[in-house]
Amino acid sequence: MIPTPTPDNPFPIEAVATYGAALRTCEDLSYMQACRDQLNEYLIQYEKSETRYGCSIGLSGGHGSGKTHLLSWLAQQAAALTVSRPVVLYAKADRASFFDLYTQIMAQLKRADLQLIIADAVKNLAVEEVNKAEATKSIEKRLQTPAELQRLFREENLDREALFLTLRDRLQVSGTPQEITEALLLIESPTLGEKAHTWLSGKRIEDREVSVTAHTSRAWPRQFREGRDICHAPANSLSQKRCQRFIYSVTDATSPPPAVSARDGGIVRPGK
Amino acid sequence: MTPDDVLSAIYQLRTHPFSPSVGVDGQPLQDPFALPLNPSAEPRHTAYYYDLYDWSGSSQVGPLDPAQIVRRFPAPADLVNFGSLLTIIAGPEHSGRESLRNLLLHKIGQQTGLPLVINLVLEGGDRGQIVKQVAELFMLEYPNHFGMPTFDRLQQVFQTMTKTKVSGQSSCYANLFQFWRTQIQAFCNRPLVLSIGGKPDYNTWRVLYNSTRSLFSCLFVVTGDIASAKTCRETMQGDHVNVAVIVAPPLSEGEAMEYVRFRVSKERPTAIPSSIEPFTPAAISALYQRGPTATENLRWQIAFLNRTMRRALDDHLAALVGILKARGSLDRALLSPQEIEINATVVRRAREALNMGQ
Numbered sequence: 004m005i006p007t008p009t010p011d012n013p014f015p016i017e018a019v020a021t022y023g024a025a026l027r028t029c030e031d032l033s034y035m036q037a038c039r040d041q042l043n044e045y046l047i048q049y050e051k052s053e054t055r056y057g058c059s060i061g062l063s064g065g066h067g068s069g070k071t072h073l074l075s076w077l078a079q080q081a082a083a084l085t086v087s088r089p090v091v092l093y094a095k096a097d098r099a100s101f102f103d104l105y106t107q108i109m110a111q112l113k114r115a116d117l118q119l120i121i122a123d124a125v126k127n128l129a130v131e132e133v134n135k136a137e138a139t140k141s142i143e144k145r146l147q148t149p150a151e152l153q154r155l156f157r158e159e160n161l162d163r164e165a166l167f168l169t170l171r172d173r174l175q176v177s178g179t180p181q182e183i184t185e186a187l188l189l190i191e192s193p194t195l196g197e198k199a200h201t202w203l204s205g206k207r208i209e210d211r212e213v214s215v216t217a218h219t220s221r222a223w224p225r226q227f228r229e230g231r232d233i234c235h236a237p238a239n240s241l242s243q244k245r246c247q248r249f250i251y252s253v254t255d256a257t258s259p260p261p262a263v264s265a266r267d268g269g270i271v272r273p274g275k
Numbered sequence: 013m014t015p016d017d018v019l020s021a022i023y024q025l026r027t028h029p030f031s032p033s034v035g036v037d038g039q040p041l042q043d044p045f046a047l048p049l050n051p052s053a054e055p056r057h058t059a060y061y062y063d064l065y066d067w068s069g070s071s072q073v074g075p076l077d078p079a080q081i082v083r084r085f086p087a088p089a090d091l092v093n094f095g096s097l098l099t100i101i102a103g104p105e106h107s108g109r110e111s112l113r114n115l116l117l118h119k120i121g122q123q124t125g126l127p128l129v130i131n132l133v134l135e136g137g138d139r140g141q142i143v144k145q146v147a148e149l150f151m152l153e154y155p156n157h158f159g160m161p162t163f164d165r166l167q168q169v170f171q172t173m174t175k176t177k178v179s180g181q182s183s184c185y186a187n188l189f190q191f192w193r194t195q196i197q198a199f200c201n202r203p204l205v206l207s208i209g210g211k212p213d214y215n216t217w218r219v220l221y222n223s224t225r226s227l228f229s230c231l232f233v234v235t236g237d238i239a240s241a242k243t244c245r246e247t248m249q250g251d252h253v254n255v256a257v258i259v260a261p262p263l264s265e266g267e268a269m270e271y272v273r274f275r276v277s278k279e280r281p282t283a284i285p286s287s288i289e290p291f292t293p294a295a296i297s298a299l300y301q302r303g304p305t306a307t308e309n310l311r312w313q314i315a316f317l318n319r320t321m322r323r324a325l326d327d328h329l330a331a332l333v334g335i336l337k338a339r340g341s342l343d344r345a346l347l348s349p350q351e352i353e354i355n356a357t358v359v360r361r362a363r364e365a366l367n368m369g370q
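First to last, the sequence lines map onto chains A and B.
Under the working numbering, the letters of the first sequence match residues 4 to 275, in that order.
Under the working numbering, the letters of the second sequence match residues 13 to 370, in that order.
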């Protein structure tokens, strides 16, 4: 008969853990602390663009060796950080299709999360912009949060349209596919934002107007090449390579996204 | 003693050059620089235009003449013979692009009567839907100005023509607009204009032009994306259509100096030689000092210069009123050259206040 673990026993009774399940764990284990230190160091370096680096860590081990257990614990640790407020995303690579991984990750990014990411990016571009001139440098003091942007737009101290055009250009230079860029920039729109988010999540867009002209999914890449607008396509069927490029640009990493284990794919995207 | 007294007695200025309260006719005027200039609403606004525009992409329109009137613009007959004119005005926000659109609308008004303008803000989405949106906007606006054809009649045609979804590459529902043109010809004596803003997308502009040109004699696009504007012109020129691109660029240091000279001189009697007084070259240069992230020389939108110079002059006048009151007379001889000038420090301080939202 297997004895029931006591509350201070870090090892769960299940042989293979499920990501996100309640954890009985022990922070005193040195290998867990080493991983947490690694995460903290990465997040500290991320704060400044000059020290920021792309980061992937591989975990390998046999079934039941504690990979998922460790990941779940790290996710809890990251979620508790109130200063850098990282966004933890989890995906399980059960299939050969990278699109499957992409949709798992995107499903966890709510429209509000993407709006925050976009606002944060615009804020960073605004800081760069105001520092181009000694005459406007002091505006940076007011750019502590993205919420300040609206006031600065109204005061004509910042050019909203120019900042979004720069963001569009930067995303494209970073390799983000044009249709993804267009959709990301529509996220804020009161009329099209929800539809753009749905499309980015890889789901079908429920739109009667669109369904009239629905084509087979194999036709979409050709349509994108012809410059059709993203919201005209009822489903996002990006190729594997394009998804990867998008994820790299979202995580702001120069190296591939962290492949945490052979079967699990987790991304910790530092936020502020 | 008021700031206006100081402007007049010390600087021989009729009014504030960057916030005029008196028009060219000597009558009171609301600050023309508070919003984009609009001569259709206030004819005296024509006096405040400054030709900063790059007309090199526009053989059909421009430039401004010394009286700030558009020198060249197609006659109504040309628009019939050579087709509708698509004018793309490209430049950053507050660079004078809306003011130019308003001046061109004013010109159309002078040539053929007050235009009926349909305004469209592009967000994105299916181009067929966008063309339908233009049709709906027209259908709702037209009956406010003309009794015939009625809204019901316009709507009947709309419903018939849009029953089948179209997904043309270069145009959508063009027949609808042609049919409406025929319907309204006998009743509508005003030029119809479509004005497009919002998300820059030259393919959408092209589809809008091709779809609606039989109804709208002029289409305006106002955009911050200069590259898209130029690409649109290049791609459409192959179709032999009437496209003009006018760029409203921000001003370099030398151009800013000329603009300040122009504005200040405009508010002085013509007998006085033109100058930038009370501003100094150093005051203008202070705005053009590059910061840590600059990779090229700075350029500023005209509205940025107006706001900064307005604030600097306001602060300077307030200080001068205090000084002259203390000295008991409104006499220029009582002031030192340093007290008369607006130097770099005053402009920097003005900028700081504006940067802080004050």
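The beta-carbon is built from N, C-alpha and C at its ideal position, and this holds for glycine as well.
Environment of residue i [buried if 16+ CB atoms lie within 10 Å]
{"i": "D162(A)", "result": "buried"}
{"i": "V133(B)", "result": "exposed"}
{"i": "R221(A)", "result": "Legend: pLDDT at R221(A) = 31, less than 50; position of this residue unreliable, value from coordinates given subsequently. Looking at its Cβ environment, which holds fewer than 16 other Cβ atoms inside 10 Å, R221(A) is exposed."}
{"i": "K144(A)", "result": "exposed"}
{"i": "E308(B)", "result": "exposed"}
{"i": "V92(B)", "result": "exposed"}
Coarse secondary structure for residue i, derived from DSSP in three states
{"i": "Y93(A)", "result": "strand"}
{"i": "P40(B)", "result": "strand"}
{"i": "R302(B)", "result": "strand"}
{"i": "V176(A)", "result": "helix"}
{"i": "L47(B)", "result": "coil"}
{"i": "S20(B)", "result": "helix"}
{"i": "V73(B)", "result": "coil"}
{"i": "I314(B)", "result": "helix"}
{"i": "L204(B)", "result": "strand"}
{"i": "V133(A)", "result": "helix"}
{"i": "F291(B)", "result": "strand"}
{"i": "I354(B)", "result": "strand"}
{"i": "L168(A)", "result": "helix"}
{"i": "V178(B)", "result": "coil"}
{"i": "S33(B)", "result": "coil"}
{"i": "L188(A)", "result": "helix"}
{"i": "S68(B)", "result": "strand"}
{"i": "G196(A)", "result": "helix"}
{"i": "L366(B)", "result": "helix"}
{"i": "T219(A)", "result": "Low per-residue confidence applies at T219(A): pLDDT is 28, beneath 50, and the placement is therefore not dependable, though the value from the model is reported in the following sentence. Of the three classes helix, strand and coil, the one that applies to T219(A) here is coil, per DSSP."}
{"i": "L263(B)", "result": "strand"}
{"i": "G340(B)", "result": "coil"}
{"i": "G210(B)", "result": "strand"}
{"i": "G23(A)", "result": "coil"}
Candidates the options, of which the one nearest residue i by Cα
{"i": "G61(A)", "options": "S33(A), A138(A), E44(A), L73(A)", "result": "L73(A)"}
{"i": "I47(A)", "options": "K70(A), V86(A), S68(A), H66(A)", "result": "V86(A)"}
{"i": "E1(B)", "options": "I296(B), Q167(B), V146(B)", "result": "Residue 1(B) lies beyond the residue range present for chain B, which begins at 13 and ends at 370; the question has no answer from this structure."}
{"i": "S52(A)", "options": "K135(A), L128(A), E164(A)", "result": "L128(A)"}
{"i": "S223(B)", "options": "V73(B), K337(B), R139(B)", "result": "R139(B)"}
{"i": "L188(A)", "options": "L170(A), V176(A), A99(A)", "result": "L170(A)"}
{"i": "L231(B)", "options": "L188(B), D237(B), V129(B)", "result": "V129(B)"}
{"i": "V233(B)", "options": "N131(B), D164(B), A324(B)", "result": "N131(B)"}
{"i": "Q195(B)", "options": "V92(B), L115(B), R165(B), L336(B)", "result": "R165(B)"}
{"i": "E159(A)", "options": "R319(B), A330(B), A356(B)", "result": "R319(B)"}
{"i": "Y23(B)", "options": "R322(B), E308(B), R280(B)", "result": "R280(B)"}
{"i": "A356(B)", "options": "L42(A), A110(A), E137(A), S192(A)", "result": "E137(A)"}
{"i": "T172(B)", "options": "F189(B), F158(B), P304(B)", "result": "F189(B)"}
{"i": "V372(B)", "options": "D90(B), H57(B), A59(B)", "result": "Limits of chain B in this structure are 13 at one end and 370 at the other, which puts residue 372(B) out of reach."}
{"i": "Q301(B)", "options": "A150(A), K135(A), L203(A)", "result": "K135(A)"}
Chain-ordered chain C contacts of residue i [CB-CB under 7 Å]
{"i": "T194(A)", "result": "Included in the structure are the protein chains A and B, with no chain C among them."}
- [ ] Pull out every residue of the segment 342-367 of chain B whose Cβ sits closer than 9 Å to any Cβ of chain A, in chain order.
- [x] Under the 9 Å Cβ criterion, the segment 342-367 of chain B contributes V359, R360, R363, E364, L366, N367.
TODO: Select from the segment 223-250 of chain B all residues with a C-beta closer than 8 Å to any C-beta belonging to chain A, and list them in chain order.
DONE: Against chain A - using a Cβ distance shorter than 8 Å - the residues of the segment 223-250 of chain B are G236, D237.
- [ ] Would you list, in chain order, the members of the segment 130-154 of chain B that have their beta-carbon closer than 7 Å to a beta-carbon of chain A?
- [x] E135, G136, G137, D138, R139, Q141
Open item on the list: I'd like the ranges of any beta strand (DSSP E) spanning at least 3 consecutive residues and lying wholly in the segment 212-258 of chain B.
Closed with: 230-235
- [ ] With 7 Å as the limit, tell me which residues of the segment 127-142 of chain A have their beta carbon closer than that to any beta carbon of chain B; keep them in chain order.
- [x] E131, N134, K135, A136, E137, A138, T139, K140, S141, I142
Open item on the list: For a minimum of 4 consecutive residues, which ranges assigned as the alpha helix (DSSP H) are wholly contained in the segment 87-130 of chain B?
Closed with: 88-94, 109-124
TODO: With a floor of 4 residues, list each alpha helix (DSSP H) that falls wholly inside the segment 58-130 of chain A, ordered by position along the chain.
DONE: 70-82, 101-111
Open item on the list: Can you pull out the residues from the segment 93-120 of chain B whose beta carbon lies closer than 7 Å to at least one beta carbon of chain A?
Closed with: P104, E105, H106
- [ ] May I ask you to list, following chain order, the residues of the segment 162-184 of chain A that have a beta carbon less than 8 Å from some beta carbon of chain B?
- [x] With the criterion set as a beta carbon lying under 8 Å from some beta carbon of chain B, the members of the segment 162-184 of chain A are D162, R163, E164, A165, L168, in sequence order.
Task: Sequence ranges, alpha helix (DSSP H) only - wholly within the segment 128-164 of chain B, length at least 4 - done: 139-153
Open item on the list: Could you tell me which whole alpha helix (DSSP H) segments of length 4 or greater appear in the segment 136-162 of chain A?
Closed with: Runs of the alpha helix (DSSP H) inside the segment 136-162 of chain A: 151-157.
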